[in-house]
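Worksheet: the structure to be examined is printed underneath.
In the numbering used here, the protein residues as written are 2 to 231.
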């Protein structure tokens, strides 16, 4: 009996290991002739149908635009790894970011938790407009633009620095607990958390975006002079 249980446990462990697969990708991102630094990159297993894409790894590019990602997951079939890049190259101060997906050849999928080889995607100039390109909301940029607008408009209307500071502090406290739900869809996937399209109150979302605020350290020096106590 003990021997049978031991064999069964060994078989279960072996089957689990057989279905564990990994992938890795590396490359360099540029914006024209400049490194695209501090840019979000994510590695997913692209699942079709109602299943969520599995987030395998995420990181940001370094000061030279380099990145290196690897991760693993367990699937019955061979995984379909893809790289998502979220960037603002040649995009100004628009609230939304450009999102581009690159599918990694299945030849670079390895068994086990660590990839045997990394797919080198090479040097990518993100000024390129890709056919599959999408846009996702960048709440940080939306909030920055909104905060600047609030500060300048209230100052124009004659409100004191102290009054504006108190208002911004109050708004920050109220919005902070609500704005999280409208961040980039899902922490583990770019897809909705159900098979149906994601829906929400558009008017409320826009209101929260307009009200969302950022810490004082990202505000321009000229604006910080208006409200020194932020």
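Note that beta-carbon positions come from the ideal geometry of N, C-alpha and C, so glycine has one too.
Small disclaimer: the values here were computed from a predicted structure and weren't measured.
Any chance the region 55-63 sits against the region 96-109, with 3 or more Cβ pairs inside 8 Å? Verdict: no, contact absent.
Residue 70 versus residue 162 - alpha carbon distance: Cα to Cα, residue 70 sits roughly 46 Å from residue 162.
Name the two residues that bound the continuous beta strand (DSSP E) containing residue 104. Taken as a continuous stretch (DSSP letters only), the beta strand (DSSP E) holding residue 104 covers 97-104.
How close, in whole Å, do the beta carbons of residue 40 and residue 88 come, if the pair is a contact with beta carbons under 8 Å? The C-beta distance from residue 40 to residue 88 rounds to 5 Å, short enough to meet the 8 Å contact threshold.
Please report how far the alpha carbon of residue 111 lies from the alpha carbon of residue 80, in whole angstroms. When rounded, the distance between both Cα atoms is 10 Å.
Rounded to the nearest angstrom, how far is the Cβ of residue 66 from that of residue 37, given a contact under 8 Å? About 5 Å separates the two Cβ atoms, so the contact holds.
Between the alpha carbons of residue 21 and residue 78, how many angstroms are there, rounded? The straight-line gap from Cα to Cα measures roughly 10 Å.
How should residue 129 be labelled, buried or exposed, when 16 other C-beta atoms within 10 angstroms of its C-beta is the threshold for buried? The residue in question, residue 129, is exposed, as its Cβ has fewer than 16 Cβ neighbours within 10 Å.
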